[in-house]
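> My questions all concern the structure below.
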Amino acid sequence: MLPYTLSQDADVHCADDEIIFDLDGIQRQFCRLQKEIPELDIRFAIKSCPVNEVLQTLVSAGAGFDAASIAEIKQALAIGGDIQRIHYGNTIKSDKQIAEAHQLGVRDFAADSRDEILAIARFAPGSRVFCRLATDGKGAVYGLSRKFGSSVSALVENLLLARESGLVPAGISVHIGSQQMSDAAWTALFERLGKVGQELQRLGIRLEYINLGGGLPARGYSTKAGEPLRPDLEAILLAIRNGMQNLQQQLKQNLRFILEPGRFLVADFGVIRAHVLRLSQRVQPEGREQHWLFLSCGRFNGLYETDALRYQMIFPGHDSTDTVGCIVAGPTCDSDDVFNDENNLISVPRSLKSGDEVWLLSCGAYSTSYTTVGFNGFKPLKRSFIRDTGTQLAEQTVLVDSARHMQELARWSSLTNIASEKRSQAGNA
Ligand SMILES: *Cc1c(COP(=O)(O)O)cnc(C)c1O
Numbered sequence: 020m021l022p023y024t025l026s027q028d029a030d031v032h033c034a035d036d037e038i039i040f041d042l043d044g045i046q047r048q049f050c051r052l053q054k055e056i057p058e059l060d061i062r063f064a065i066k067s068c069p070v071n072e073v074l075q076t077l078v079s080a081g082a083g084f085d086a087a088s089i090a091e092i093k094q095a096l097a098i099g100g101d102i103q104r105i106h107y108g109n110t111i112k113s114d115k116q117i118a119e120a121h122q123l124g125v126r127d128f129a130a131d132s133r134d135e136i137l138a139i140a141r142f143a144p145g146s147r148v149f150c151r152l153a154t155d156g157k158g159a160v161y162g163l164s165r166k167f168g169s170s171v172s173a174l175v176e177n178l179l180l181a182r183e184s185g186l187v188p189a190g191i192s193v194h195i196g197s198q199q200m201s202d203a204a205w206t207a208l209f210e211r212l213g214k215v216g217q218e219l220q221r222l223g224i225r226l227e228y229i230n231l232g233g234g235l236p237a238r239g240y241s242t243k244a245g246e247p248l249r250p251d252l253e254a255i256l257l258a259i260r261n262g263m264q265n266l267q268q269q270l271k272q273n274l275r276f277i278l279e280p281g282r283f284l285v286a287d288f289g290v291i292r293a294h295v296l297r298l299s300q301r302v303q304p305e306g307r308e309q310h311w312l313f314l315s316c317g318r319f320n321g322l323y324e325t326d327a328l329r330y331q332m333i334f335p336g337h338d339s340t341d342t343v344g345c346i347v348a349g350p351t352c353d354s355d356d357v358f359n360d361e362n363n364l365i366s367v368p369r370s371l372k373s374g375d376e377v378w379l380l381s382c383g384a385y386s387t388s389y390t391t392v393g394f395n396g397f398k399p400l401k402r403s404f405i406r407d408t409g410t411q412l413a414e415q416t417v418l419v420d421s422a423r424h425m426q427e428l429a430r431w432s433s434l435t436n437i438a439s440e441k442r443s444q445a446g447n448a
């Protein structure tokens with residue numbers, strides 16, 4: 020017999036971790052962006068959150084989709100996406116994938132090399148192609164600079180080749196880097212686009228559209244070192260609005276503009292409810308005492324982006340004045356599954372006990388997609404959804420004031436219970 024009785028469901032708790040999406044918040048975020056720049060054709064980058072309920076919410080709000088694979092195209096179609104507003108935005112595709120996408124009705128394909136253009140001409144004849152311009156990713160948390168895109172001169176050649184091959188040289192695409200913090204980066208990007216556009220016009224190529232890619236930032240993250248990442252969203256949106264206007268003036272033509280936000284639409288509207296495995300203390304090899312906080316959720320089951328970001332953590336019911344500086348880590352036997360190091364300790368309540376709840380905010384992007392299927396036996400997070408939130412919630416989840424967070428948390432909790440009831444009812448039906 021065990022000498023102690025576990026508190027009622029201390030063990031059940033950890034199997035009970037979940038990611039909770041605020042679908043109304045996602046919808047409001049989409050509508051806000053659309054209202055800020057009505058001319059944008061907003062196509063959600065599925066990879067950031069390939070969750071049917073989220074995609075459905077976005078499609079009913081008016082979103083199209085940026086798909087990166089056949090499976091994503093099929094998923095977008097299955098939830099009611101309009102094939103006219105789903106493009107194949109990945110520059111990496113096999114012949115078979117191009118043919119299959121074409122068969123599914125996709126007519127817009129990204130490319131950044133001669134080889135890719137020739138394959139599209141062969142397996143998706145007559146399609147529209149948009150060629151990707153390389154960017155340096157400066158100002159972004161995740162620059163996407165080397166794997167994608169070509170130089171300006173190669174881009175011009177690719178569009179000419181597309182035209183010769185019977186394709187429509189329809190557009191240019193870019194990605195300014197994910198969680199791009201700088202409005203100046205957008206301004207500089209539009210200036211570059213202006214120069215490229217003028218050169219293309221000289222060669223008789225009249226672009227239909229510019230695909231501005233993703234990169235719009237979330238507001239609830241900190242850097243790995245704990246500095247809040249608070250982008251000036253107003254300035255960024257203004258730079259985009261002005262850039263769009265100036266570019267059309269410069270090229271003396273109307274252009275369509277596509278934007279492919281991923282992170283921005285979902286990040287601040289997902290929270291992970293996980294659990295404390297243990298707050299422990301040990302002597303490190305160099306002889307120093309160190310506190311470690313082990314959580315049930317880590318790098319391999321939802322928090323991959325702790326490689327570059329820090330999420331705000333809430334421990335309901337604990338005194339946040341008596342804290343201890345910790346290295347925080349996930350549950351697996353992998354030494355990468357660690358969020359911070361001894362130079363950037365994270366303060367957590369000293370009173371934490373095994374089985375206590377922890378809430379991680381702004382986890383809505385790249386959590387469900389960047390997850391192993393069961394590394395070390397830790398399963399991907401369960402998903403749940405809330406719809407019936409007040410209008411306040413979305414804004415408050417991105418505030419830094421912890422007292423207000425605590426209040427919100429109580430609301431999250433009660434709403435989650437409502438959501439779970441609904442889910443189990445739906446499951447029984
Ligand atoms: C990942 C990706 C996006 C979304 O990027 P965010 O930074 O999450 O907005 C958009 N477009 C393309 C082509 C991508 O690969």
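So the mapping is simple: the working numbering equals the position in the sequence shown, first residue as 1, plus 19. In this text, a Cβ means the ideal position worked out from N, Cα and C, and glycines have one as well.
Using a threshold of 7 Å, is the CB atom of A258 nearer than that to any non-hydrogen atom of ligand 1?
As a first step, residue 258 must be located in the sequence shown, where it is residue number 239. No, Cβ of A258 sits at least 7 Å from all heavy atoms of ligand 1.
> Just to confirm my understanding: we take G185, look at its own chain, exclude 5 residues before and 5 after, and list those with CB closer than 7 Å. What are they?
Residue 185 sits at position 166 when you count from the first residue of the sequence shown. Answer for G185: A140, P144, G145, listed in chain order.
> Does the distance between the C-beta of A86 and the nearest non-hydrogen atom of ligand 1 fall short of 7 Å?
Numbered from 1 along the sequence shown, position 67 holds the residue referred to as residue 86. Result no, Cβ not under 7 Å from ligand 1.
> Go ahead and label G383 buried or exposed: buried means 16 or more other beta carbons lie within 10 angstroms of its beta carbon, across all protein chains shown.
Position 364 of the sequence shown, counting from 1, holds the residue named residue 383. It counts as buried.
> Measure the C-alpha to C-alpha separation of H106 and A120 and round it to an integer number of angstroms.
Sequence index remark: in the sequence shown, residue 106 carries index 87 (1-based). Sequence index remark: in the sequence shown, residue 120 carries index 101 (1-based). Going from the Cα of H106 to the Cα of A120 covers about 9 Å.
> With a threshold of 16 other CB atoms inside 10 Å of the CB of V215, please say whether the residue is buried or exposed.
Taking the sequence shown and counting its residues from 1, one reaches residue 215 at position 196. The residue is buried, with at least 16 neighbouring Cβ atoms inside 10 Å.
> Quick check on G336: buried or exposed, where buried means 16 or more other Cβ atoms within 10 Å of its Cβ?
Indexing the sequence shown from 1 puts residue 336 at position 317. Counting Cβ neighbours within 10 Å, G336 comes out exposed, since fewer than 16 surround it.
> Out of V367, Y385, G344, state which residue places its alpha-carbon closest to the alpha-carbon of W473.
Nothing can be reported for residue 473: it is not among the residues displayed for the chain, which extend from 20 to 448.
> Looking at the structure shown, is D127 part of a helix, part of a strand, or coil, going by DSSP?
Translated into positions along the sequence shown, residue 127 becomes position 108. In this structure, D127 counts as strand in the three-state DSSP scheme.
> Near A138, which residues of its chain fall below 7 Å by C-beta distance, leaving aside the five closest residues on each side in sequence?
In the sequence shown, residue 138 corresponds to position 119, counting from 1. So the qualifying residues of the chain are D114, I117.
> Anyone know if the C-beta pair for D10 and F63 falls short of 8 Å?
In this structure the chain extends from 20 to 448, so residue 10 is not present and cannot be described.
> Going along the chain, which unbroken runs of the beta strand (DSSP E) with 3 or more residues stay wholly within the segment 186–225?
Whole beta strand (DSSP E) segments, 3+ residues: 187–192, 197–199.
> Just the Cα atoms here: how many angstroms apart are Q303 and R282?
Counting from one through the sequence shown, the residue named residue 303 turns up at place 284. Counting from one through the sequence shown, the residue named residue 282 turns up at place 263. If I take the Cα positions, the gap works out to 37 Å.
> At which residues does the beta strand (DSSP E) containing K93 begin and terminate?
Taking the sequence shown and counting its residues from 1, one reaches residue 93 at position 74. Looking at the DSSP string, K93 is not in any beta strand (DSSP E); the run it does join, the alpha helix (DSSP H), is 89–97.
> For V70 and Y228, I'd like the C-alpha separation in whole angstroms.
One-based indexing of the sequence shown puts residue 70 at position 51. One-based indexing of the sequence shown puts residue 228 at position 209. Looking at the two C-alpha atoms, the distance is approximately 28 Å.
> Decide if the segment 249–257 is in contact with the segment 340–349; the criterion is three or more beta carbon pairs, one per stretch, under 8 Å apart.
No, the segment 249–257 does not touch the segment 340–349.
> Work out the CA separation of I365 and L59 for me, nearest whole Å.
Position 40 of the sequence shown holds residue 59. Position 346 of the sequence shown holds residue 365. Between L59 and I365, the C-alpha separation is close to 40 Å.
> Using only CA atoms, which one of A293, G99, A82 lies nearest to P350?
Position 331 of the sequence shown, counted from the first residue, corresponds to residue 350. For P350, the nearest C-alpha among the options comes from A293.
> Would DSSP call L252 helix, strand or coil?
The count along the sequence shown starts at 1 and reaches residue 252 at position 233. Looking at L252 - three-state DSSP - the assignment turns out to be helix.
> Measure how close the beta-carbons of A204 and G158 come, nearest whole angstrom, since I'm counting them as under 8 Å.
To locate residue 204, count along the sequence shown from 1; it is residue 185. To locate residue 158, count along the sequence shown from 1; it is residue 139. Indeed they touch by this definition, with Cβ atoms about 4 Å apart.
> Where DSSP assigns a beta bridge to M332, which residues make up the other side?
Locating residue 332 in the sequence shown gives position 313, where the first residue counts as 1. L379, per the DSSP bridge assignment.
> Between the segment 256–272 and the segment 94–105, can you find at least three pairs of beta-carbon atoms closer than 8 Å?
Cβ pair count under 8 Å is below three, so no.
> Buried or exposed for I111, please, with buried defined as at least 16 other CB atoms from any protein chain shown within 10 angstroms of its CB.
Mapped onto the sequence shown, residue 111 falls at position 92. Classification for I111: exposed.
> Exposed or buried, what is E183 when buried is set at 16 or more other beta-carbons lying within 10 Å of its beta-carbon?
As a position in the sequence shown, residue 183 is number 164, starting the count at 1. By the neighbour-count rule (16 or more Cβ atoms within 10 Å), E183 is not buried but exposed.
> Mapping DSSP to helix, strand and coil, what is A244?
Numbered from 1 along the sequence shown, position 225 holds the residue referred to as residue 244. Coil.
> Taking the beta strand (DSSP E) that I405 belongs to, which residues open and close that run?
The sequence position of residue 405 within the sequence shown is 386, counting from 1. Per DSSP, I405 belongs to the beta strand (DSSP E) from 401–405.
> Could you please give the first and the last residue of the uninterrupted alpha helix (DSSP H) stretch that includes D43?
In the sequence shown, the residue the question calls residue 43 occupies position 24. D43 -> alpha helix (DSSP H) spans 42–55.
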